[in-house]
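Contents: one structure, followed by commentary.
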Amino acid sequence: MSAVAQVAQSPAARNRRRAGTIAIGLAAWVIGFIFIVPILYMVLTSLHHPSDAQTYPPSWGASLTFSNYKSLFSSSDGIGVPLLNSAFTSLVSTALVLVLAFPAAYALSIKPVRKWSDTMFFFLSTKMLPLVAGILPIYLFTTKVIHMPDNVFVLVVLYTAMNLPIAVWMMRSFLAEVPGAIIEAASIDGAGTMTILTRIIGPIATPGIAATSLICFIFAWNEQLYAKVLTSVSAQTGPVFVNTLIQTEHSYLAQLAAGATVVSIPVLFAGFAAQDKLVQGLSLGAVK
Amino acid sequence: MTVSVAESSALSTPAAGPPVATYRKWDRESWVRRAPLLPALVFLIVVTQLPFVATLVMSFIKWSAQPDAPGKSFAGFDNFKTVFSTPAYRQAVFTTIEMTVTVVVVSAVLALAIALLLDRAFIGRGVVRTMMIAPFLIVPIAAAVFWGNGILQTGFGLLDGLLGELGVHNAQNISFLTSHPKLSIEMALIWQWTPFMMLILLAGLQSRDPEVMEAAQIDGANAWQTFIHMTMPHVRRYLELSIVLGTIFILQNFDFVLGMTGGLNSTNIPYSVYEVFYSAKDYGVASALGVVVVIGSIIVATFGLRVVSSLLTEEN
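So the protein lines, in turn, are chains C and A. Number 58 in my numbering belongs to position 58 of the first sequence; there are no gaps in the numbering. Heads up: take any position in the second sequence, counting from 1, add 1000, and you land on my numbering.
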């Protein structure tokens, strides 16, 4: 607000403005609450005894317990192994994505190849083709040709390919922020490629690279279609396991809520850790 | 299989490039520049493009993996004829379009409204922003199974419970999930994707030039005029981007159909590909369905890449 505009405001107008601000705040809080309610209710349900979790009317105030979480982790066919499989596939595929995407992003921004934008669009167009359209050949190849059914390494390869286009786009946008003049000055002063990478590009691009890895981790962790089709027991991932918690005979909802909560916790952490760069990353670097 | 070539040729105008003479085709320098790109390109082509080629080939083969099925044979366009003449598959095509359009349009409108609210200063804005982002950070299949079982399930779901508390007669028998399966899935998807679009739109709103906005206010523009003539033109590109990205993800949605209805009266194409391949084991028809999804995606992508490329050219 400039001084001119402030002087021009009468007390009545100021009051109207204040009322407007309160109304906006109230509306925002109500909408925010509506969006968070399903998550709060999921957590509340996961803390109820199985018999209290699926009643009509709902037992809002029933006593709380951690027993659902305990039984999820204690049994040998519980969520422990699937979570480890998810962690392994997500972390290893993210590491591979970085190894492949960083040089590619470098060749598309710092020392761009000819027609670099054509290459960028090739990467992006592979992302626009749905995963499901390639699933049958991949299934036949892994089970009938290389005989690797139910194998975490197959998922690692697929998730690496799934995230590579996004990672190249994100990293290019982060590397493009490194001022070309600094790199030029350094190389005139005799700095080699390694020095430029570690001393100049590294420090400037690190937050962006971190955000890229967090977003790739999230997408790999969330993936469920390939995991469901290509794994059965030993390579089963967390999201596939959660879907198996649906039962019809017993009171299953509390256990299901606990599983859904546990499997989402790493994504919530990764998402909020990446928050500052989340928009730039998810918009493929188009939004600063 | 890809749309990049035709699309982006318009982008690389000759004027923007360096003189051709400095890049001779087999010149060592250009290969040094290209080398870091090759591992990623080769890996991507092998893992993502070859399966699509295989799918395309298989869509012309009569191939069922049922134990009593006859052997493989050339099918011509029979698999495609099956896809377009079977009511269930035609329905899946319509369901996919209906779901994608509904979810993207409603999410975009909601996201714009919420972003406009969050762009204003009020007490606890950071907290509300965090609350708004959270739905996007729930694992999709986890969100799907909880919406299907904890919220919309007949009797013990949150919705029936709340309706009962509000005094609705016989609320425990309201079966939203079976009476409105598509709407149920759309609700859950809107809940998850509105935050994503809102984040992009909020970033767009916050990149407006505050001095220009203030100048408009001093010159006597009212809130509605400022919104229509200044905010909207600026936010349009961000709106387009969020719609394109949202469409790419929602078109491919599989988890919410599986987790909420198991495909009951709500099968979309990704789910029917899965079903035909995994349960019915008709590999030929599943592949033909896959090809149909790819063609649909290319249509969306052609428009989508244009939007993204306009953002990219602006950057340079």
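Glycine is no exception: its CB is placed at the ideal position from the N, C-alpha and C atoms.
Determine the burial state of residue 1021 of chain A: buried for a count of at least 16 other Cβ atoms within 10 Å of its Cβ, exposed for fewer. Unreliable placement is indicated for residue 1021 of chain A, whose pLDDT of 48 sits below 50; no coordinate value is reported for it.
Any residues in the stretch 114-137 of chain C with a beta carbon nearer than 9 Å to a beta carbon of chain A? Which ones, in chain order? 114, 115, 116, 117, 118, 119, 120, 121, 122, 123, 124, 125, 126, 127, 128, 129, 130, 131, 132, 133, 134, 135, 136 and 137
Measure the CB-CB distance between residue 170 of chain C and residue 212 of chain C and report whether it falls below 7 Å. By the CB criterion at 7 Å, residue 170 of chain C and residue 212 of chain C fall inside the cutoff.
Cβ closer than 9 Å: which chain A residues qualify as neighbours of residue 111 of chain C? 1032, 1033 and 1036
Just the chain C side, please: which residues come within less than 8 Å of residue 1131 of chain A by C-beta, in chain order? 32, 33, 35 and 36
What do you get for residue 100 of chain C, buried or exposed, if any count of 16 or more other CB atoms within 10 angstroms of its CB means buried? buried
Under 7 Å, Cβ to Cβ, is there at least one residue of chain B near residue 1044 of chain A? Included in the structure are the protein chains C and A, with no chain B among them.
Under the three-state reduction of DSSP, which class applies to residue 1242 of chain A: helix, strand or coil? helix
Hey, could you find the ends of the alpha helix (DSSP H) residue 1097 of chain A is sitting in? 1087-1118
Please report the straight-line C-alpha distance between residue 86 of chain C and residue 265 of chain C, rounded to a whole angstrom. 13 Å
To the nearest angstrom, how far is the alpha carbon of residue 1278 of chain A from that of residue 218 of chain C? 26 Å
Please list the residues of the stretch 1133-1150 of chain A that have a C-beta atom closer than 9 Å to any C-beta atom in chain C, keeping them in chain order. 1133, 1134, 1135, 1136, 1137, 1138, 1139, 1140, 1141, 1142, 1143, 1144, 1145, 1146, 1147, 1148, 1149 and 1150
Cutoff 7 Å: residue 21 of chain C Cβ touching any chain A Cβ: yes
C-alpha distance - residue 246 of chain C paired with residue 1210 of chain A, whole-angstrom precision: 51 Å
Measuring only from the beta carbon, is residue 1175 of chain A closer than 6 Å to any heavy atom that is part of the ligand SAM? The ligand SAM is absent from the structure shown, which contains no ligands of any kind.
CA nearest to the CA of residue 54 of chain C, picked from A:1294, A:1053 and A:1161: Closest option to residue 54 of chain C, Cα to Cα, is A:1161.
Below 7 Å on C-beta distance, what does residue 1165 of chain A contact in chain C? Chain C residues near residue 1165 of chain A: 57.
Would you give the residue range spanned by the alpha helix (DSSP H) that residue 353 of chain C belongs to? Within the shown structure, residues of chain C are numbered from 1 to 288, placing residue 353 of chain C beyond reach of any answer.
Candidates A:1304, A:1294, A:1310 and A:1303: closest to residue 1056 of chain A by CA position: Distance check between residue 1056 of chain A and each of A:1304, A:1294, A:1310 and A:1303 places A:1294 closest, using alpha-carbon atoms only.
Quick one, which of C:234, C:282 and C:253 has its alpha-carbon nearest residue 76 of chain C's? C:234
Buried or exposed (CB count within 10 angstroms, at least 16 for buried), residue 38 of chain C: buried
Taking only the alpha-carbon atoms, compute the straight-line gap between residue 1229 of chain A and residue 1105 of chain A and give it to the nearest angstrom. 22 Å
What number of angstroms, rounded off, separates the C-alpha of residue 137 of chain C from the C-alpha of residue 165 of chain C? 21 Å
Comparing alpha-carbon positions, which option in C:52, C:69 and C:67 lies nearest residue 61 of chain C? C:52
Does the beta carbon of residue 163 of chain C come closer than 7 Å to any beta carbon on chain A? Closer than 7 Å: no.
Given a threshold of 16 other Cβ atoms within 10 Å of its Cβ, counted over all protein chains shown, does residue 1016 of chain A qualify as buried or as exposed? Note that residue 1016 of chain A has pLDDT 42, beneath the 50 cutoff, so the model's placement of it is unreliable and the number below is only indicative. Around the Cβ of residue 1016 of chain A, a 10 Å sphere holds fewer than 16 other Cβ atoms; the residue is exposed.
Measuring only between beta-carbons, confirm whether residue 1021 of chain A sits less than 7 Å from chain C. Residue placement at residue 1021 of chain A cannot be trusted, given a pLDDT of 48 that sits under 50; the coordinates are not used to answer.
For residue 272 of chain C, does the three-state DSSP call read helix, strand or coil? The answer is helix: DSSP assigns residue 272 of chain C an H, G or I state.
Take residue 1073 of chain A as the anchor and find which of A:1236, A:1290, A:1282 and A:1297 has the nearest alpha-carbon. A:1282
I need the straight-line Cα distance from residue 78 of chain C to residue 260 of chain C, nearest angstrom please. 13 Å
Kindly indicate if chain C contains any beta-carbon less than 7 Å away from that of residue 991 of chain A. Any answer about residue 991 of chain A is impossible in this case: the structure gives chain A only from 1001 up to 1316.
If you measure from the beta carbon of residue 1093 of chain A to each beta carbon in chain C, is any gap under 7 Å? no
Option nearest residue 1187 of chain A by Cα separation, candidates A:1257, A:1033 and A:1027: Taking residue 1187 of chain A as reference, the option from A:1257, A:1033 and A:1027 with the minimal CA-CA separation is A:1257.
For residue 1073 of chain A, three-class secondary structure by DSSP: Here residue 1073 of chain A sits in strand by DSSP.
Please classify residue 111 of chain C: does DSSP put it in a helix, a strand, or coil? coil
Just checking my contact of residue 131 of chain C with residue 1252 of chain A at CB under 8 Å: how many whole Å lie between their CB atoms? Correct: roughly 6 Å between the Cβ atoms.
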